[in-house]
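Chains as they are written, first to last, in the working numbering: chain A, 760 to 856; chain B, 760 to 856; chain C, 760 to 856; chain D, 760 to 856; chain E, 760 to 856; chain F, 760 to 856; chain G, 760 to 856. Don't be surprised by glycine CBs; every beta carbon is placed ideally from N, CA and C. Because the structure is a prediction, the values reported are computed rather than measured. What follows is a set of notes on a single structure, which appears directly below.
This is how it looks when you write it as structure tokens:
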């Protein structure tokens, strides 16, 4: 059954955590965070609407590597039981290159 | 008795949950959510009014498949005892294609 | 004694609940709501004032059938002991046709 | 001693409750409200200032009959021991004609 | 030692309570308020700055008689042990003439 | 070791309390405040940025004498163990001349 | 394994604490703060977006010495186990020269 495509609304960003190989951990950890804070962007929304009704462009795009905050975000399990997360773009801390 | 047509006001969206067939579940679940987060849009309002009094266009339309958050929304039982939900558009997480 | 005319201020809406005939209930109920959520608009205010001091037009008018939220509103008993309610227009969920 | 004239500031409204004759009560009561919600406007302020620094006109004027909310307002006893109330105009529910 | 001149900043107003002669009280009292709510304006600030960075003119000036709210304000004891109060202009209820 | 120069950011103001000689106290005290509320401005930031991104000019400058509120501010001990305070300009009550 | 470059988003600032040599401490301490409040800026974001959707320029840049508040910020441990911090620019107290 073809998996459904999730298209975030407004300034939301759909991400999937990048799992760290604990031994050769080269990942960025937040103190006390049980899982890695690194993720890859799967899809971005069209952008939020400001008080004048104009769209505010997104600065992230599909494929970007990002650093997640240690709170927030909505967890979604897709049809292949993969865990995804939806964040507002403002809550994402940084891009990783 | 003809069922009343519900026309959402401002940026509200009237939706009906898409029930998942538990065996061949292909639906999107939020952890701990007892029922499916997928729904279909039955009707949309004209749009919210911004600080300048101008209408902000809706991005959802009748027939769209959407992903609901795990909180919020007002539950309505229509005259045929069907359970519907009213959400503000900003609270709806994503479109599904 | 002639009943006083109540003219809502700003974006308030004066409504009267439409009582449902429990047997042939065709009304819209909110779960747990003891009385019907349907009401008819008796009068509307001139509209709220936005940050620029301009009036924002009302979208409801006298005679409209509406769906009330399950909270909020100010209850008034007029001189004929009729129970009326005052809501801000933003809080009214939908129009009913 | 001449009573002092009270000139409300910004969008405040000075009102005096209209006492109801309990027997031929024709007044508007709010459920549980011990005293009448009807009042007469004694004086209005010049109007609030919006974010651009411009004055927003008042919609009420001296002599208007109004319906008070069941909360809020600042109680003042003037030099003749008369009980007056100061409300922000936004908090007054309706005009009565 | 010359007393320091206090020049309020932004939209603050420096006031001194007008003490009421309890016997021939002609003052305005708020219920439960132990001291008089009448005061005289000693100095006013230049005005607040609105969102556009423009100054919003003050409506009160030195010498005005005003009615104080029953809460708020910052109490200052000047070098002659006189009790003064600093209020934001928005919090002052009315002018008295 | 040369002391570091502290340059406040945005609309912050760096101040140093003016210690009062308790006997010939001529200072301004706030009731219950253990130390004097008078201070001198050592440095001011460039100014806050308003919603349009424009800088809002500061009204205080180096050398001004000011009256501090009895709460707030961030305490800093500089390299010579001198106690300084950082306030947002909006929180400073008045200038003293 | 090459360490990842962290590029802050919006108006965030990536900083690294400047460790004080406790004996010849010349650093700025906040009362009760266990570690130094001085830090160096490693990277800055592009700037926040104001209500009109326009970018607000950053006032800090890579290499600046800054004074951190005693609360807030998100701690990150990079791949070389170095402790870094992400702050919103508005929360950083001052520049140090």
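May I ask which residues mark the beginning and end of the beta strand (DSSP E) holding residue i?
i	result
residue 846 of chain A	842-847
residue 771 of chain G	771-776
residue 851 of chain A	No beta strand (DSSP E) holds residue 851 of chain A; DSSP gives it neither H nor E.
residue 834 of chain E	833-836
residue 824 of chain D	824-826
Considering Cα atoms alone, identify which of the options is closest to residue i.
i	options	result
residue 766 of chain B	B/803, B/838, B/854, B/837	B/803
residue 855 of chain E	D/835, D/830, D/853	D/835
residue 776 of chain A	A/824, A/850, A/763	A/824
residue 771 of chain C	C/794, C/826, C/832	C/832
residue 838 of chain B	C/822, C/795, C/848, C/844	C/795
residue 822 of chain A	A/805, A/851, A/848, A/798	A/798
residue 764 of chain F	F/852, F/843, F/848	F/843
residue 850 of chain E	E/841, E/840, E/830	E/830
residue 773 of chain B	B/808, B/840, B/819	B/819
residue 826 of chain D	D/769, D/813, D/768, D/846	D/846
residue 805 of chain B	B/852, B/853, B/768	B/768
residue 808 of chain B	C/801, C/840, C/817	C/817
residue 828 of chain C	C/801, C/848, C/778	C/848
Listing by chain order, which chain G residues have their CB less than 8 Å from the CB of residue i?
i	result
residue 841 of chain F	Under the 8 Å cutoff, chain G gives no residues; its nearest Cβ is about 11 Å from residue 841 of chain F.
What is the DSSP secondary structure of residue i, reduced to helix, strand or coil?
i	result
residue 767 of chain D	strand
residue 801 of chain E	strand
residue 808 of chain D	strand
residue 855 of chain E	strand
residue 820 of chain D	coil
residue 814 of chain C	strand
residue 839 of chain A	coil
residue 784 of chain B	Summary for residue 784 of chain B: the model assigns pLDDT 46, below 50, so the residue's position carries little reliability; its value from the coordinates is reported in the next sentence. Reduced to three states, the DSSP call for residue 784 of chain B is coil.
Using a C-beta to C-beta distance shorter than 9 Å, which residues of chain F count as neighbours of residue i?
i	result
residue 856 of chain G	763, 764, 765, 766
Can you list the residues of chain A that residue i reaches, using a CB-CB cut of under 8 Å?
i	result
residue 847 of chain G	Chain A residues near residue 847 of chain G: none, gap ~11 Å exceeds 8 Å.
For a contact defined as C-beta to C-beta under 7 Å, what are the partners of residue i on chain H?
i	result
residue 851 of chain G	Of the protein chains in this structure, namely A, B, C, D, E, F and G, none is chain H.
Which residues in chain B have a C-beta closer than 7 Å to the C-beta of residue i? List them in chain order.
i	result
residue 776 of chain A	Correct list: empty, because the minimum Cβ distance to chain B is about 14 Å.
Please list the partners that residue i has in chain B, where partner means a Cβ-to-Cβ separation under 8 Å.
i	result
residue 826 of chain C	765, 835
Members of the segment 789-818 of chain F near chain E, C-beta cut-off 7 Å: When C-beta distances to chain E are compared with 7 Å, the residues of the segment 789-818 of chain F below that value are 789, 790, 809, 810, 811, 813, 815, 818, in chain order.
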